Amino acid sequence: MSTQHDEALPEVLLSKEQIEQRIAELAEEIARDYPEDEELLCLGILKGSVFFMVDLVRRLPMPVAVDFFQTSSYGSSTTPGEVLIKKDVDLPLRGRHVLLIEDIVDTGHTLTTILAMLRLRKPKSLRLCSLLDKPDRREVEVPIDYLGFSIENVFVVGYGLDYAERWRNLPYVGVATV
Ligand code: IMP
Ligand code: MG
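Once you know that position 154 of the sequence shown is 193 in the numbering used here, the rest is easy, because the numbers rise by one and skip nothing.
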């Protein structure tokens, strides 16, 4: 396999096989926790979570609806957690089981704001599933109901995660050399 324009590839932190294995385990956990005959609305936060989300939902046994939500943070000079909604959810959340799917929880500000916003729409349940967690960076507590991997405080790319829009299509999670 050739490299991405022969640039040095990020060093592997989590291999494709490790990710696949962990997603299979997460899907089993989720399948155990929710009713098999009720729809689960999987809500991905664009763009990073898309790669994780499609691999995860394909393994779920219950009927699944998918939708997306996109935010962007204001500049660092403004209040942390003040997020701009770039794309809102299309589907109503009221009365539905909603599983929010994120790529990585870092300071926790974005997720805290999003969860509070979504809760106002009165879903039947609202849980969070994140592929990665960087607990050392946490500034506000966020309950992660389903977690893929807890990692050190390094900047990672691949499997959906980017550095300035690069590297999302790497099949593994690697440490960015930025
Ligand atoms: P926070 O939890 O509000 O700080 O924001 C988390 C967001 O920052 C994630 O959804 C990512 O978009 C981004 N992010 C944090 N750490 C990384 C990383 O190591 N690689 C790529 N994106 C990251
Ligand atoms: Mg993100």
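Glycine included, every Cβ here is placed at the ideal spot set by N, Cα and C.
These numbers come from a predicted model, not from an experiment.
Quickly, what does DSSP pair residue i with across the bridge? List them, please.
i    : result
I140 : G83 and C168
T118 : Partner(s): none; T118 has no beta bridge.
S189 : D172
L200 : G197
I69  : Answer by DSSP bridge pairing: none, since I69 is not bridged.
E105 : The residue asked about is misnamed: residue 105 is Val in this sequence, not Glu. C81, per the DSSP bridge assignment.
According to DSSP, is residue i helix, strand or coil?
i    : result
F194 : coil
E59  : helix
V212 : strand
D129 : coil
I153 : helix
R207 : coil
I183 : coil
A47  : coil
L159 : coil
D76  : coil
L99  : coil
Taking the beta carbon of residue i as the centre, do at least 16 other beta carbons fall within 10 Å, making it buried, or is it exposed?
i    : result
V217 : exposed
S153 : The sequence given here places Ile at residue 153; Ser does not occur at that position. Burial call: buried.
R97  : exposed
A203 : exposed
A47  : exposed
T149 : buried
F90  : buried
T118 : exposed
Check whether the Cβ atoms of residue i and residue j lie closer than 8 Å to each other.
i    : j    : result
L165 : L157 : yes
L167 : V181 : yes
P100 : E75  : yes
L130 : D145 : no
L85  : K126 : yes
R133 : K161 : yes
L138 : A104 : no
K187 : L52  : The displayed chain sequence assigns Gly, not Lys, to residue 187. Contact: no.
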